[in-house]
Amino acid sequence: MITPPKIYNYARVSTTKQLQGVGLETQQQRSILEELSKEHNLPIDDQNFVDRGLSAYHGKHKEGALGLVLSRIESGEISSGSILVVFSLDRLSRELVNVAMEQLLSIINRGVRVYTHIDKKMFDAKSQNLTADLIVSLIIMQRANEESATKSKRNITASKLALKKWKDTGIPQGALGRTPFWIDQSTNEFNINAEGVKKAIEMKIAGYGDLKIKKHLDNHFKYKPTRVKGRVKKSNTWDYITICQLWGRRSLIGENSYTIEDVTHVMANYYPALIDDDTFHKLQVRKKKKQGRDTGSGKIAQLKSLARCGTCGGSMIFVDKGDNKVSYVCHLAIKGEHEREVYNANMLELLTLEICKDAYITESEQASNILLENEKLKLETDLAAEKESRDELLERYKVKRIVSFLDLIEDSESKIENLEEKLAAINNDDVFFDADELANLPEVFSDDVRTDYLNPERYEIRNNLRRFISSITLNRAEEPCRDAKIKVANCVDITWHFKNGQKRRLAMLPYQFTKTEDGDKALYLPFVYMYGSKSDIKVEDGDQFLSNIFNKLHSLDLTRFLYPSRGRYQWSNLNLECGKTYWAPLDRAVFIEKGMEHIAFTEHGTPNEAGHAANYLSLMFNYPSSDGGAYDYPDSKFIELACKFGFVEEHDFSLFLQDNQFNQELYSSLDFLVS
1 MITPPKIYNY ARVSTTKQLQ GVGLETQQQR SILEELSKEH NLPIDDQNFV
51 DRGLSAYHGK HKEGALGLVL SRIESGEISS GSILVVFSLD RLSRELVNVA
101 MEQLLSIINR GVRVYTHIDK KMFDAKSQNL TADLIVSLII MQRANEESAT
151 KSKRNITASK LALKKWKDTG IPQGALGRTP FWIDQSTNEF NINAEGVKKA
201 IEMKIAGYGD LKIKKHLDNH FKYKPTRVKG RVKKSNTWDY ITICQLWGRR
251 SLIGENSYTI EDVTHVMANY YPALIDDDTF HKLQVRKKKK QGRDTGSGKI
301 AQLKSLARCG TCGGSMIFVD KGDNKVSYVC HLAIKGEHER EVYNANMLEL
351 LTLEICKDAY ITESEQASNI LLENEKLKLE TDLAAEKESR DELLERYKVK
401 RIVSFLDLIE DSESKIENLE EKLAAINNDD VFFDADELAN LPEVFSDDVR
451 TDYLNPERYE IRNNLRRFIS SITLNRAEEP CRDAKIKVAN CVDITWHFKN
501 GQKRRLAMLP YQFTKTEDGD KALYLPFVYM YGSKSDIKVE DGDQFLSNIF
551 NKLHSLDLTR FLYPSRGRYQ WSNLNLECGK TYWAPLDRAV FIEKGMEHIA
601 FTEHGTPNEA GHAANYLSLM FNYPSSDGGA YDYPDSKFIE LACKFGFVEE
651 HDFSLFLQDN QFNQELYSSL DFLVS
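FYI, the numbering used here numbers position 391 of the sequence shown as 391, with every residue one higher than the one before it.
Here it is as structure tokens:
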């Protein structure tokens, strides 16, 4: 398809001041474009081609918008007969005259005319005055190149002298760049903006978004502009773009860098440091984490970036439909990739904090250890940087196939492995729990924080969860349910993955309606709970652990969300029956999950397949309470669950149970394999 001729506008602005409107060429040229449109009966193209801060002297602007214009002229997308409007020829190029002239000729020889605003001259290949016009253009280009060369040499000389003077005296030099906006240029001391910047960093590390930070600073901290000359913005509010660009600036720790003749000179302790290195490391870790967007309502999602879809592995996003109807939904399901599964946010967040309360308290206490926390943050930062470096090497090797890259990749892999081992050593404290101790642990999720999604304390809780949880996998299984109207129930199946290798899994089984001793209708919720670790963990006397959690959920009318349904369960007035909880240690097994392949283990607990390590498991499940007796272990129920969840016995489990009470230490001798 041939594109009809149009008028195209190109501008190169070298400073933010120009871009914001002081002498902005794109504004000045608008009237010129309209005049040319009337004169030549050509429409004006909607797109403005603007290069911001790209040097025409070094030809870097050809990598930007001008490069796009040239490629479109070459391809014919900008067709013959079109007009390219520029402020002056030196806006096209300040390179060597022969290079600049070649560029101009390549444009007009393809039938595209060039109009210069400053002298109102049209360069047209068909013009009888083209020779004279080109001679004039040569003079203009030569003068522009010489001016740029002189200016460049002068700047280089001044910069070298300033660098030497700083090394000799330690006094900041104006030729080495302007000071950051929180430091006074003349005294090199903190100004009124410094406290606001420190607060911004504190909020960023805590998890606040850039826009929320700006609003807080506008309301609580004064801002004094440090560049008054040529300033377009009239109000003394904090600039959003400046805040967004703040997090990676090493001037926060007092460092300055300046490039002279393609050599970057890093100057430590050039400015007074606003924050220390440890805080800067925390800031970088927070900046690099991809956390997704907060909801437009400003509500704080507790499990954002942690919850994953068990169907496709995609991230679960926080959906707010108002009136406290908040949930987590797979972002790919929303796009129609698979059936949409909705998980109530209130239920899921409370369940996570109750199931992981011991780990949460432990990690929160460890977070108060500044040295340990800083070491962990530094390792995470170094690991992310090394993985990025490794990935870049892999991409370069794919393109160039240079054998020496393989050695660099191998070296990078070794560094990554070493960093991961050090990080694992910090995260490797397995969490042990006792039911009585859990019952007495302090609450971390008060009703105020749970119900108020705008409460800033939710940021702190979310950050603490991210310290020890790597992901939360959400599944649901459609199971036959005799008491459901449609005879099936959607049963949630949730797995919490810890950074230290532990996993915890809660799988609900179809609910049942029963009777209390008084004959009232009651609700019974069967479950299976698996607790995994790289170390052998014995679950002692845990019969009330899950029951207490379910009772708390039921008191808040949240148990119905353990069985997601389009209808609405009327369970709030029913008594909850949790039955009796039983347990069994599974000495040698792997933590099974949906989609995992079977791995058999040898007699000594080592995997048959290389590269896999054992995870020890404890299993808890409930069963309706019996009348008591010396032996009440529901071995038939365990056999049913063992088959359903993939465990196979090494010994005759039924006979063993009949000889021993279920809560005796001898249970630890049982061995199971994943089917």
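We put the CB at the ideal spot given by N, CA and C, even for glycine.
All of these numbers come straight from a predicted model, not from anything done at the bench.
Where do the ends of the beta strand (DSSP E) carrying residue i lie?
i: residue 577; result: 575–577
i: residue 455; result: Careful: residue 455 lies outside any beta strand (DSSP E) and carries neither H nor E.
i: residue 271; result: Residue 271 -> no beta strand (DSSP E), and no H or E assigned at all.
i: residue 484; result: Per DSSP, residue 484 belongs to no beta strand (DSSP E) and is neither H nor E.
i: residue 307; result: 307–309
i: residue 260; result: 256–260
i: residue 208; result: Segment: none, residue 208 is in no beta strand (DSSP E) and carries neither H nor E.
i: residue 113; result: 113–116
Report back the beta-carbon spacing between residue i and residue j to the nearest angstrom; my notes put them in contact at under 8 angstroms.
i: residue 303; j: residue 349; result: 6 angstroms
i: residue 511; j: residue 481; result: 7 angstroms
i: residue 383; j: residue 416; result: 7 angstroms
i: residue 551; j: residue 580; result: Not really, about 14 angstroms apart at Cβ, beyond 8 angstroms.
i: residue 207; j: residue 459; result: 4 angstroms
i: residue 134; j: residue 114; result: That pair is no contact at about 11 angstroms.
i: residue 516; j: residue 573; result: The Cβ separation is near 13 angstroms, so there is no contact.
i: residue 471; j: residue 308; result: 5 angstroms
i: residue 269; j: residue 561; result: With a Cβ gap of about 56 angstroms, residue 269 and residue 561 do not count as contacting.
i: residue 645; j: residue 528; result: 6 angstroms
i: residue 214; j: residue 238; result: 5 angstroms
Cα-Cα, which of the options is closest to residue i?
i: residue 280; options: 200, 115, 241, 531; result: 200
i: residue 712; options: 84, 620, 560; result: Outside the shown range of the chain, which is 1 to 675, sits residue 712, and nothing can be said about it.
i: residue 503; options: 254, 321, 355; result: 355
i: residue 272; options: 137, 255, 339; result: 255
i: residue 82; options: 48, 106, 101, 44; result: 44
i: residue 120; options: 69, 128, 32; result: 32
i: residue 197; options: 506, 486, 244; result: 244
i: residue 571; options: 390, 514, 265; result: 514
i: residue 507; options: 494, 501, 499, 498; result: 494
i: residue 241; options: 138, 221, 209; result: 209
i: residue 122; options: 39, 509, 395, 471; result: 39
i: residue 559; options: 177, 544, 357, 526; result: 526
i: residue 203; options: 146, 185, 287; result: 287
i: residue 251; options: 194, 299, 521; result: 194
i: residue 397; options: 409, 387, 386; result: 409
i: residue 690; options: 346, 300, 500; result: Residue 690 lies beyond the range of the chain shown here (1 to 675); nothing can be said about it.
i: residue 338; options: 359, 277, 311, 327; result: 311
i: residue 267; options: 170, 391, 156; result: 170
Taking the alpha helix (DSSP H) that residue i belongs to, which residues open and close that run?
i: residue 474; result: From DSSP, residue 474 is part of no alpha helix (DSSP H) but of the beta strand (DSSP E) over 469–480.
i: residue 70; result: 65–75
i: residue 241; result: 240–244
i: residue 78; result: Segment: none, residue 78 is in no alpha helix (DSSP H) and carries neither H nor E.
i: residue 352; result: 345–355
i: residue 545; result: 545–555
So if DSSP puts residue i in a beta bridge, which residue, or which two residues, is it bridged to?
i: residue 124; result: According to DSSP, which records beta bridges pairwise, residue 124 is partnered with nothing at all.
i: residue 317; result: 329
i: residue 621; result: 528, 582
i: residue 497; result: 471, 503
i: residue 160; result: For residue 160, which the question treats as bridged, DSSP gives no partner whatsoever.
i: residue 512; result: 524
i: residue 280; result: Looking at the DSSP assignment, residue 280 forms no beta bridge with any residue, so it has no partner.
i: residue 190; result: 183
i: residue 569; result: Residue 569 pairs with nothing; no bridge assigned.
i: residue 49; result: 10
i: residue 44; result: 7
i: residue 216; result: For residue 216, which the question treats as bridged, DSSP gives no partner whatsoever.
i: residue 265; result: 258
i: residue 489; result: 479
i: residue 342; result: 329
i: residue 85; result: 9, 115
Does residue i have its Cβ less than 7 angstroms from a Cβ in chain B?
i: residue 67; result: In the displayed structure, chain B is absent; only one protein chain is listed.
(request) Check whether the segment 250–263 touches the segment 162–176, counting contact only when three or more Cβ pairs, one atom from each stretch, lie closer than 8 angstroms. (result) Contact between the segment 250–263 and the segment 162–176 is present, because at least three Cβ pairs lie under 8 angstroms.
(message) Any contact between the segment 445–465 and the segment 474–481? By contact I mean 3 or more CB pairs, one from each, below 8 angstroms.
(response) A contact is defined here as three or more CB-CB pairs under 8 angstroms, and the segment 445–465 fails this definition with respect to the segment 474–481.
(message) Below 8 angstroms, how does it come out for the segment 303–323 and the segment 331–348: are there three or more Cβ pairs, yes or no?
(response) The segment 303–323 makes contact with the segment 331–348; the number of CB pairs closer than 8 angstroms reaches 3 or more.
(request) Decide if the segment 69–88 is in contact with the segment 106–125; the criterion is three or more beta carbon pairs, one per stretch, under 8 angstroms apart. (result) As far as the Cβ criterion goes, the segment 69–88 touches the segment 106–125, which means the pair count is three or higher.
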